[in-house]
Structures are given as C-alpha cells and as structure tokens.
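A quick write-up on the structure given underneath.
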Amino acid sequence: MTSEVRAGGRTFTAEELDLIRGIIRQEHMNRQRISQEVCRALGWLKPDGGLKDMSCRVALLRLHRDGIIELPPPSSKNNNRLRPMVFTAAGDPGDPITGSLRNLGPIQFIRVTRSKQSRLWNELIARYHYLGYTRLPGAQIRYLIYAGSGTLLGAIGFSAAAWALRPRDELIGWDKEQRVKRLNLVVNNSRFLILPWVRVKNLASKILSLTAKRLPQEWQAIYGYTPVLLETFVDQERYRGTCYKAANWSYVGETKGRGKWDRLNEYKLPVKDIYLYPLRKNFCEILTGSD
Numbered sequence: 453m454t455s456e457v458r459a460g461g462r463t464f465t466a467e468e469l470d471l472i473r474g475i476i477r478q479e480h481m482n483r484q485r486i487s488q489e490v491c492r493a494l495g496w497l498k499p500d501g502g503l504k505d506m507s508c509r510v511a512l513l514r515l516h517r518d519g520i521i522e523l524p525p526p527s528s529k530n531n532n533r534l535r536p537m538v539f540t541a542a543g544d545p546g547d548p549i550t551g552s553l554r555n556l557g558p559i560q561f562i563r564v565t566r567s568k569q570s571r572l573w574n575e576l577i578a579r580y581h582y583l584g585y586t587r588l589p590g591a592q593i594r595y596l597i598y599a600g601s602g603t604l605l606g607a608i609g610f611s612a613a614a615w616a617l618r619p620r621d622e623l624i625g626w627d628k629e630q631r632v633k634r635l636n637l638v639v640n641n642s643r644f645l646i647l648p649w650v651r652v653k654n655l656a657s658k659i660l661s662l663t664a665k666r667l668p669q670e671w672q673a674i675y676g677y678t679p680v681l682l683e684t685f686v687d688q689e690r691y692r693g694t695c696y697k698a699a700n701w702s703y704v705g706e707t708k709g710r711g712k713w714d715r716l717n718e719y720k721l722p723v724k725d726i727y728l729y730p731l732r733k734n735f736c737e738i739l740t741g742s743d
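Structure below.
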C-alpha cells in the first residue's frame, strides 16, 4: 500500500491518493477535469481563491509516471507539444540597432495577452534564446519589449520560482513549512532576451530595472497577491551576470548542476549563478511570516 508521496511541491497521504484514484475512475473524465476536481477536493487553491490547476497537473503527471496512479491518455487536441514551432517574418533578423540608450526613446513593455503576441514571444525565445522555448511554469507574466519608435528589441518572462534553492533559502531563513506556504511570493525571471542585432550599452540593465518596478503591481492585478522577491539563474559558462549586477541584483551562490528530478546525481546540468532582487526591503520577514 502506498503511504505518503511527494510530487509537485505537495505531500499526498494514502487517503488523498485513494481519493484521486476515485476521481480518475469517474466517467467522462479527461486529465484537465481530473486536475480541477482534485484541486477542489483537496482545497488546493491559489491566494486569490483560484484552483492551482497547473501545479496539480504537474503533480498528477509525476504520480502517473511513477506508477502510483494511472491517468487516462492525453487528449491530442490539447497536447501542444505536437504543434511545431512556426517561424515567421515578424521574428526574422532586423537591421543592426546601435547607438545610445537615449536614442531609443522610452522603452515600452507590451504584456503578452493575445494569441498573436504569445506566438511572437514563443518564436523569439525559440529562435534566439540559448535555452530555447519551453512552457513557463505556474503563474507568469511575459513582455515584448519595444523602443519608443515601435522597433522590437527583445522579450522577457517571469514565472514560478524554483522549489528548493539552498543559497536563496538560507538567506531568507525560512523552514520547509514556511517555504511551502509562501513560495508564490518569489518570482523567477525565467527568460530574458535582447535580440542579437540589438547592441545598445546599458539596455539590458535598464529593462531589468523597469520591469522590477512594474511587475509587482501587474502581478497583483492578475493574481491577487504581490511578490516580494525576484530570482534568476545565469549560466556560468556563457555569461557573467553583468546586466543583473548593474541593475542591483545580488549574487547569492550557485546551483548544484542537477536536474529537478535527479535524486541519484546522474544527469549533470550546467552550474548557474543565482541572483536575487528584493521587491520589498523586509522580504525575509514577509517570507518567514515574522512580519
């Protein structure tokens, strides 16, 4: 008999696993409906009261792959992994952009809210970011970045924070229970791209500073709570983190070079520097619940 199991940042008891299996056995249940019903049954909710559907889907898939539950086959019409990335003229390389930051005029951020914007953001990341395109996890905000003249400069995205990160967690000083409860208040700068033909000094640090100012209010408006800390990872073999340092992000340590599910240390990943940017001076007190 399966006892407690951890998946997707949550520990499931034997009783909860039996409940999940019962939901799966109901008629006319696809993976989306199962996830929604599990969220309702377990009270797995976001701070704004919405269902934590994406976190639940990740957890259920992990349980399925580990043989603990058996999900129905995915609906092919909802399987976005089957859709090839389409490159368009909108994402083709442009003329070189150089000169001073002042010559660009006011930097404009267009939040991705429409399908056309989303496709362009995805395409830019797929074509020009070294990590390529993958779906961002959890709650997220994505921006397309333009010069004052309307010229496209790049793209940036923020999403769910890393589940466990020793240098970050030691700095905050929270315990496991506090981290589980308040991790949503930490947001990861998961993608940042200045298009390769854009060569303007101090542009990257300017963008980071501007997004740090606007992100808390927009996150609050969309998700009903305000993050207090930003984090990001910088590949040591590729970059020195210069723009983050210039934008007053703080280096706090490095990753272990292991994948999220690599418990046996078999799959090496590049070691990355960890940078943090407080959105509130008392972020440690807020995250530990002492404020």
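Mapping of the sequence shown onto this note's numbering: position 176 corresponds to residue 628, and the numbering continues sequentially without gaps. Positions of the beta carbon are idealized from the N, C-alpha and C atoms, including for glycine.
Problem - For residue 550 and residue 721, the rounded distance between their alpha carbons - result: If I take the Cα positions, the gap works out to 34 Å.
Handout entry: Through-space distance from residue 602 to residue 571, alpha-carbon basis
Key = One C-alpha to the other measures close to 18 Å.
Handout entry: alpha helix (DSSP H) runs contained entirely in the region 651–728, provided each spans 4 or more residues
Key = Counting only runs of 4+ residues, the alpha helix (DSSP H) found wholly inside the region 651–728 occupies 655–675 and 694–698, in chain order.
Practice task
Look at residue 647 and residue 691 and say whether their C-beta atoms are less than 8 Å apart.
Solution key: No, these two residues do not count as a Cβ contact at 8 Å.
Exercise for the section: Quick one: grab the DSSP three-state call for residue 469. Expected result: For residue 469, the secondary structure class from DSSP, reduced to helix, strand or coil, is helix.
Problem - Cβ-Cβ distance between residue 563 and residue 683 below 8 Å - result: It is not a contact, given that the beta carbons lie outside the stated cut-off.
Handout entry: Three-state class that DSSP yields for residue 457 in the structure shown
Key = Three-state DSSP puts residue 457 in a strand.
Problem - Bridge partners - residue 646, DSSP secondary structure assignment - result: Looking at the DSSP output, residue 646 sits in a beta bridge with 606.
Handout entry: One or two residues paired with residue 560 in a DSSP bridge
Key = Within the DSSP secondary-structure output, residue 560 pairs in a beta bridge with 598.
Problem - At least 3 beta-carbon pairs within less than 8 Å: the region 536–550 vs the region 502–520 - result: The region 536–550, when compared against the region 502–520, does not touch it at the 8 Å Cβ threshold.
Handout entry: Under 8 Å between C-beta atoms of residue 632 and residue 681
Key = Not a contact, by the Cβ cut-off of 8 Å.
Exercise for the section: Give every residue of the same chain whose Cβ lies closer than 6 Å to the Cβ of residue 464, excluding the five residues on either side of it in the sequence, and list them in chain order. Expected result: Cβ neighbours of residue 464 beyond the five flanking positions: 457.
Problem - Closest Cα partner of residue 509 within the set 489, 499 and 604 - result: For the residues 489, 499 and 604, the minimum Cα distance to residue 509 belongs to 489.
Handout entry: Proximity test, residue 741 beta-carbon vs the ligand PLP heavy atom, cut-off 7 Å
Key = The ligand PLP is absent from the structure shown, which contains no ligand whatsoever.
Exercise for the section: Could you please give the first and the last residue of the uninterrupted alpha helix (DSSP H) stretch that includes residue 740? Expected result: Element bounds for residue 740: 735–740.
Exercise for the section: Please classify residue 541: does DSSP put it in a helix, a strand, or coil? Expected result: Correct three-state label for residue 541: helix.
Exercise for the section: Flag this pair as touching only if the region 609–629 and the region 509–521 have three or more C-beta atom pairs under 8 Å; answer yes or no. Expected result: Segments in contact, no.
Practice task
Indicate whether residue 599 and residue 657 have their beta-carbon atoms separated by less than 8 Å.
Solution key: Cβ distance not < 8 Å, so residue 599 and residue 657 don't count as in contact.
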